[in-house]
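Student:
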Amino acid sequence: MQLYCDSLTEYKRLATREVRIGDLLLGNFNPIRVQTMTTTDTMDTIATVEQSIRCIEAGAEMVRITAPSKKEAENLLNIKNELHKRGYKTPLIADIHFTPNAAEIAARIIEKVRVNPGNYVDKKKFEQIDYTDAEYAEEIDRIRERFTPLVKICKEYGTAMRIGTNHGSLSDRIMSRYGDTPMGMVESAMEFLRIARHESYHNIILSMKASNPQVMVQAYRLLVNVMMDEFGECYPLHLGVTEAGDGEDGRIKSAIGIGTLLEDGLGDTIRVSLTEDPEFEIPVCRDLVKRYTNRQSELEKKQSGIPEIIKVPYSPFEYTRRSTGTVSNIGGKQVPVVVADFMKATTIRHEDLQAIGYTYNTETDKFTIADAAADYLYTGKKILDFALPGTLKVICDHATWLNASDKEKYYPLFQSTEYLKSTDHSGLLNFVAVDVNEPASGELLQEIRNDDSVVLCLYSSNAHAMPSVRRYIIELVNQGITCPVILAVESHDTTIDEQLIHFSTDSGALLLDGMGDGVWLMNEPEKLQNQKVSGRTYLETKNNHQFINNTSFSILQATRTRISKTEYISCPSCGRTLFDLQETTAKIRSMTHHLKGIKIAIMGCIVNGPGEMADADFGYVGSGVGKITLYKGKEIVKRNVDSTIAVEELINLLKENDAWVEKA
1 MQLYCDSLTE YKRLATREVR IGDLLLGNFN PIRVQTMTTT DTMDTIATVE
51 QSIRCIEAGA EMVRITAPSK KEAENLLNIK NELHKRGYKT PLIADIHFTP
101 NAAEIAARII EKVRVNPGNY VDKKKFEQID YTDAEYAEEI DRIRERFTPL
151 VKICKEYGTA MRIGTNHGSL SDRIMSRYGD TPMGMVESAM EFLRIARHES
201 YHNIILSMKA SNPQVMVQAY RLLVNVMMDE FGECYPLHLG VTEAGDGEDG
251 RIKSAIGIGT LLEDGLGDTI RVSLTEDPEF EIPVCRDLVK RYTNRQSELE
301 KKQSGIPEII KVPYSPFEYT RRSTGTVSNI GGKQVPVVVA DFMKATTIRH
351 EDLQAIGYTY NTETDKFTIA DAAADYLYTG KKILDFALPG TLKVICDHAT
401 WLNASDKEKY YPLFQSTEYL KSTDHSGLLN FVAVDVNEPA SGELLQEIRN
451 DDSVVLCLYS SNAHAMPSVR RYIIELVNQG ITCPVILAVE SHDTTIDEQL
501 IHFSTDSGAL LLDGMGDGVW LMNEPEKLQN QKVSGRTYLE TKNNHQFINN
551 TSFSILQATR TRISKTEYIS CPSCGRTLFD LQETTAKIRS MTHHLKGIKI
601 AIMGCIVNGP GEMADADFGY VGSGVGKITL YKGKEIVKRN VDSTIAVEEL
651 INLLKENDAW VEKA
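The sequence shown lines up with residues 1 to 664 when you count with UniProt numbering.
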């Protein structure tokens, strides 16, 4: 094993134990399963059944239902019977948090229970406690006493279990000893897993969910590493980014976290947590899984092997950005840049730049620059016939650059052989495009080592593109070559979901590991189709340049490498939700979307807050029917605010804490 997977260059699924969930087999190289969670009241049997059927018909292979108390757990029997009566045998999962007695009831009824080790036994008080080893052992004995009955029931009834750690709801015990870290998340699950193994119960799936893809990816990798070290085997992994949000941002954040792990063969089942109707999650899941369904056999047919990595010069369990030189505004300690691709545009006008963050005012003859404004414009063979806004610079083909009059605004793009042959280089900044799938040229590496004006634009024609780019960057590090790198990703997919997944995975996975000083996304807009589920359009785009620009900045935001807008941590809703989550999220977003860098959590109930809000600055949490509790960080500021005025009270809270600015 190479750190956390079989290979960082050769695609192969991670070997895991096989788990049975009803008639469904998971792990042990079985297909990657997709699932979702209902948003209806669990006590409303028919509504839950009908929503479950919509999810199943959309492709869900498992359906999770919340069971916050004994009565909901008992009603799972009615839901299961009604589904069976209608001809649906899809396995059901009970979602349990604070109520072990509900878990014990559910485990006798349905095929799987999910428990959160952070709050299954513990009541979170956000207390820092210095445990001695003996006191810590006593805490583990307390957990064993409370958790073992559920293990025995699951073993007796053949019920599967997911031990699902969430970053934001680690127990005070774990927080006190390990802190708010990936290792804390891993140890939280391992405590429960060791108890289950002691009872010879192995029908277990594990998850390490976080709203921050960086934390989530590190925790899953570390979990595999720890399991292999301690047990010599791995249990199946359920992948997900919790509270991802809605729309394109929710899909991007999910694809970065889930896709990064799938690229290295990790993951046996996935759930994309969107603040939307649950059936809308399934197409995203299926598009993610589809990328890996036949990847191993396809790569073998194409013989597109990537040279093995002998020395890994970074830790995949913690974030460190690759050290590079600074070339103009690229590399060093500067935020990653965004390149807007206008190569296929027949003409480029002032007005066209609005899509990439530059709005031209004809009266003042000036541009207004947005926070999410592209840094570079690639024009291909075109020279612009108007003055550019001050911060925007142009990349063009080398032959075109030779004829450009303003060599401080225009910079050349060379192909690798072209760069080696030409003597006409910019004295300031030279972009060199490299297909990393081609054998590395020793001459090229030597030249760029000695040229502090070069920025590499890396892309791959390999079907296993991301690892091939990663392999090239690792070679740069091992050879001590410090030129900045722009990640160039081109998608030929035909739907928005597929393109978002492609862009997010191939660039986001590298950014999470500190590789990449910019992104350059390209697509074929004429192929792009709007998407529908159950006859309803749920993703569409009208301006492709705006779509690509927004996607670029959203990827940087989700990887926490460049913050350009407000971040929303919103749970996907479930039967515990105490208000209309989708409507409220849309309202809060419309009023606060201009607050760059502020993180706002919107949680349907106390289970998903305050703990699940993780690192949010402010929180809006359902605390009762028609009642909202507002948080600053993890501190309650206002309790039981009437939901009719709660959004306005949230705005007041932002103002009171100097986090509010008026819209321009």
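All C-beta atoms in this analysis are idealised placements derived from N, C-alpha and C, irrespective of residue type, glycine included.
Just grab the DSSP bridge partners of aspartate 412 for me.
Tutor: Note that residue 412 is proline in the sequence shown, not aspartate. For proline 412, which the question treats as bridged, DSSP gives the partners Cys396.
Student: Here's a check: name, in chain order, each residue in its chain whose Cβ is nearer than 7 Å to the Cβ of alanine 187, leaving out the five neighbours to either side.
Tutor: Residue identity check: residue 187 is glutamate in the sequence provided, not alanine. If we look at glutamate 187 and ignore the five residues flanking it on each side, its Cβ neighbours are Ile174, Tyr178.
Student: Would you mind reading off the limits of the alpha helix (DSSP H) that contains glycine 259?
Tutor: Unbroken alpha helix (DSSP H) run through glycine 259: 247-263.
Student: Per DSSP, what kind of secondary structure is aspartate 497 in: helix, strand or coil?
Tutor: In the structure shown, aspartate 497 sits in a helix (DSSP, three-state: H, G or I).
Student: With a threshold of 8 Å, are at least 3 pairs of Cβ atoms found where one atom belongs to the stretch 443-460 and the other to the stretch 420-432?
Tutor: With the cut-off at 8 Å, the stretch 443-460 and the stretch 420-432 touch.
Student: Given this structure, state the Cα-to-Cα distance separating tyrosine 538 from leucine 528, to the nearest angstrom.
Tutor: Confidence at tyrosine 538 is low in this model, with a pLDDT of 49, below 50, so the placement of that residue should be treated as unreliable; the coordinate-derived value is given next. Going by the C-alpha atoms only, they are around 14 Å apart.
Student: Measuring straight from C-alpha to C-alpha, what distance separates leucine 650 and leucine 630?
Tutor: Cα-Cα distance, rounded: 7 Å.
Student: Do the stretch 41-53 and the stretch 286-296 meet, that is, are 3 or more Cβ pairs less than 8 Å apart?
Tutor: Contact fails: fewer than three Cβ-Cβ distances are below 8 Å.
Student: Buried or exposed for leucine 402, please, with buried defined as at least 16 other CB atoms from any protein chain shown within 10 angstroms of its CB.
Tutor: Label assigned to leucine 402: exposed.
Student: Under the assumption that residue 709 contacts proline 213 (Cβ atoms under 8 Å), give the Cβ distance between them as a whole number of angstroms.
Tutor: Residue numbering for the chain in the displayed model covers 1 to 664; residue 709 lies beyond these limits and cannot be assessed.
Student: On a Cα-Cα basis, can you pick out the residue from Ile628, Val661, Leu24, Arg562 that is closest to valine 335?
Tutor: Closest by alpha carbon: Arg562.
Student: With DSSP collapsed to three states, give me the class of threonine 537.
Tutor: Reliability of the predicted coordinates at threonine 537 is poor, the pLDDT of 49 falling under 50, and the value obtained from them is presented with this limitation in mind. Threonine 537 falls in the strand class under three-state DSSP.
Student: For threonine 36, tell me which candidate among Arg271, Ala616, Ile448 has the shortest Cα-Cα distance.
Tutor: Checked all of Arg271, Ala616, Ile448; the closest Cα to threonine 36 is Arg271.
Student: Could you compute how far the alpha carbon of leucine 206 sits from the alpha carbon of phenylalanine 367?
Tutor: Those two C-alpha atoms are separated by around 51 Å.
Student: Can you list the beta strand (DSSP E) stretches of 3 or more residues lying completely in the stretch 281-317, in chain order?
Tutor: Counting whole runs of 3 or more residues, the stretch 281-317 contains no beta strand (DSSP E) stretch at all.
Student: Three or more C-beta pairs under 8 Å: does that hold for the stretch 53-64 against the stretch 219-238?
Tutor: As far as the Cβ criterion goes, the stretch 53-64 does not touch the stretch 219-238, which means the pair count is below three.
Student: By alpha-carbon positions, which one of Asp617, Ala616, Gly604 ends up nearest to serine 623?
Tutor: Considering only alpha carbons, the answer is Gly604.
Student: Please state the DSSP three-state secondary structure of tyrosine 319.
Tutor: Coil.
Student: Among Asp141, Ala160, Glu583, which has the Cα closest to the Cα of aspartate 122?
Tutor: That would be Asp141, whose Cα lies nearest to the Cα of aspartate 122.
Student: Which ranges does the beta strand (DSSP E) cover as unbroken runs of at least 3 residues, wholly within the stretch 434-501, from first to last along the chain?
Tutor: Within the stretch 434-501, the complete beta strand (DSSP E) runs of at least 3 residues are 454-459, 485-491.
Student: Distance, Cα to Cα, valine 113 vs isoleucine 79?
Tutor: Cα-Cα distance, rounded: 15 Å.
Student: Can we count lysine 89 as close to the ligand GTP, meaning its CB is less than 6 Å from some heavy atom?
Tutor: Absence of the ligand GTP is noted for the structure shown, with no ligands found whatsoever.
Student: Can you tell me the Cα-Cα spacing of lysine 663 and isoleucine 598, whole angstroms?
Tutor: Going by the C-alpha atoms only, they are around 14 Å apart.
Student: If I measure Cβ to Cβ from threonine 148 and keep anything under 8 Å in the same chain, skipping five residues before and after, which residues do I get?
Tutor: Counting only Cβ-Cβ distances below 8 Å, and skipping sequence neighbours, we find Ile195, Glu199.
Student: How should leucine 428 be labelled, buried or exposed, when 16 other C-beta atoms within 10 angstroms of its C-beta is the threshold for buried?
Tutor: The residue is exposed, with fewer than 16 neighbouring Cβ atoms inside 10 Å.
Student: Look up serine 570 in the DSSP assignment and say whether it is helix, strand or coil.
Tutor: Note: serine 570 maps to strand in three-state DSSP.
Student: Where does the unbroken beta strand (DSSP E) through aspartate 341 begin, and where does it stop?
Tutor: Taken as a continuous stretch (DSSP letters only), the beta strand (DSSP E) holding aspartate 341 covers 337-341.
Student: Just to confirm the assignment, what range does the beta strand (DSSP E) spanning glutamate 526 have?
Tutor: Element bounds for glutamate 526: n/a, residue is neither H nor E.
Student: What's the call for asparagine 361, buried or exposed, on a 16-neighbour Cβ count within 10 Å?
Tutor: Its Cβ having fewer than 16 others within 10 Å, asparagine 361 is exposed.
Student: Do threonine 9 and glutamate 308 come within 7 Å of each other at the CB atom, strictly closer than that value?
Tutor: In contact: glutamate 308 and threonine 9 (Cβ atoms closer than 7 Å).
Student: For the stretch 503-510 against the stretch 338-357, are there 3 or more C-beta pairs whose distance is under 8 Å?
Tutor: Flag = no, the stretch 503-510 and the stretch 338-357 do not touch.
Student: Could you tell me whether the Cβ atoms of leucine 384 and isoleucine 395 are closer together than 7 Å?
Tutor: Not a contact, by the Cβ cut-off of 7 Å.
Student: So which of His593, Val151, Met591, Arg471 has the shortest CA-CA distance to phenylalanine 192?
Tutor: That would be Val151, whose Cα lies nearest to the Cα of phenylalanine 192.
Student: Straight-line CA distance for residue 665 to glutamate 138?
Tutor: The structure shown does not extend to residue 665, since the chain is modelled only from 1 to 664, so the question has no answer here.
Student: State the Cα-Cα distance for the pair aspartate 268 and tyrosine 4, rounded to the nearest angstrom.
Tutor: Their Cα atoms are separated by approximately 15 Å.
Student: Can at least three beta-carbon pairs, one atom from the stretch 436-453 and one from the stretch 473-487, be found at a separation below 8 Å?
Tutor: Output reads yes: the stretch 473-487 touches the stretch 436-453.
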